[in-house]
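Trainee: Residue numbers 0 to 139, in numbering that gives the first Met the number 0, belong to the letters of the sequence shown in order. Mind looking over this structure? Questions follow.
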Amino acid sequence: MKNKINVLIVSLLLLIGFSETISQKVVHAVDTSRIHFEFRWNSPYDTSYRQQKWTKSGYHLKSNTVTVPFYKASAWGHSYRAGRTGEVDVSNGHVYMIKEHHTYNLYNLLVERYGTGNNVYIRAWSFSNGSAWGYWHADH
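In structure tokens form, the structure reads like this:
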């Protein structure tokens, strides 16, 4: 009797584990070229998804819908060569005022300073409450 209960418990556990494997949904990768920034007066900063940078070109940013009058953006990157956290402003002082339905080429010196293959992103900020949507590519 005890042996039958053990077999039943083991069978149920296997069945539960197998059903979990079958019922898992396919997970799709995040589209890193999409941008959605959220701005709040008490939390004005947001960043894009990260992409790898391979060329000495600007970041291509296409602004679609913007629910604030404008927001500001600059080029940032991550490299182990940058020290401490690895996060580094690579805009060389260039800050862009981003408006709705415009395209921008964000100046950066990531490849020149830290080499190819590093992760890059856009740091954006606005002290108004609102959002922004668009697309971007690390290599223009």
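For each residue, glycine too, the CB sits at the ideal point set by N, CA and C. This structure is a prediction, so every number in the text was calculated from the model and none was measured.
1) If I measure Cβ to Cβ from Leu86 and keep anything under 7 Å in the same chain, skipping five residues before and after, which residues do I get?
2) Have a look at Gln50 and Trp132 and give me their C-alpha separation to the nearest angstrom.
3) Three-state secondary structure (DSSP) at Glu99?
4) Using DSSP with H/G/I as helix, E/B as strand and the rest coil, what is Ala123?
5) When the Cα of Ser73 is compared with those of Thr66, Ala81, Ile97 and Arg80, which residue comes out closest?
6) So, helix, strand or coil for Lys137, using DSSP?
7) Could you check whether the stretch 107-114 touches the stretch 54-61, counting it as contact only if at least three pairs of C-beta atoms, one from each stretch, sit closer than 8 Å?
8) Measuring CB to CB, does Tyr120 end up less than 8 Å from Ser47?
9) Which same chain residues, not among the five before or five after Arg45, have their C-beta less than 7 Å away from its C-beta?
10) Should Tyr95 and Lys61 be called a contact, given that it needs their Cβ atoms to be closer than 8 Å?
11) Can you list, in chain order, the residues of its chain with a C-beta nearer than 7 Å to that of Lys3? Leave out the 5 residues immediately preceding and following it.
12) Would you kindly work out how many angstroms separate the C-alpha atoms of Phe126 and Val67, rounded to a whole number?
13) Going by C-alpha distance, which of Arg80, Pro43 and Ile8 is nearest Arg112?
Mentor: Short version:
1) Per the sequence presented here, residue 86 reads as Glu, with Leu not at that position. Residues of the same chain with a CB within less than 7 Å of the CB of Glu86, apart from the 5 flanking positions on each side, are Trp75 and His77 in chain order.
2) Gln50 and Trp132 have their C-alpha atoms some 17 Å from each other.
3) Glu99 carries a coil assignment under DSSP once its states are collapsed to helix, strand and coil.
4) Of the three classes helix, strand and coil, the one that applies to Ala123 here is strand, per DSSP.
5) Taking only the C-alpha atoms, the option nearest Ser73 is Ile97.
6) Correcting the residue type first, residue 137 is Ala in the shown sequence and not Lys. In the three-state reduction of the DSSP assignment, Ala137 falls in the coil class, being assigned neither a helical nor a strand state.
7) The answer is yes - the stretch 54-61 touches the stretch 107-114, with three or more Cβ pairs under 8 Å.
8) Taking 8 Å as the Cβ cut-off, Tyr120 and Ser47 qualify as a contacting pair.
9) The sequence given here places Asp at residue 45; Arg does not occur at that position. Leaving aside the five residues that flank Asp45 on each side, the residues in its chain whose CB is nearer than 7 Å to its CB run, in chain order, Phe36, Glu37, Phe38 and Ala123.
10) Not a contact, by the Cβ cut-off of 8 Å.
11) Non-local beta-carbon contacts of Lys3 in its own chain, meaning distances under 7 Å to residues more than five positions away in sequence, are absent.
12) Straight-line measurement puts the Cα of Val67 at about 9 Å from the Cα of Phe126.
13) Nearest to Arg112 by alpha-carbon distance, out of Arg80, Pro43 and Ile8, is Arg80.
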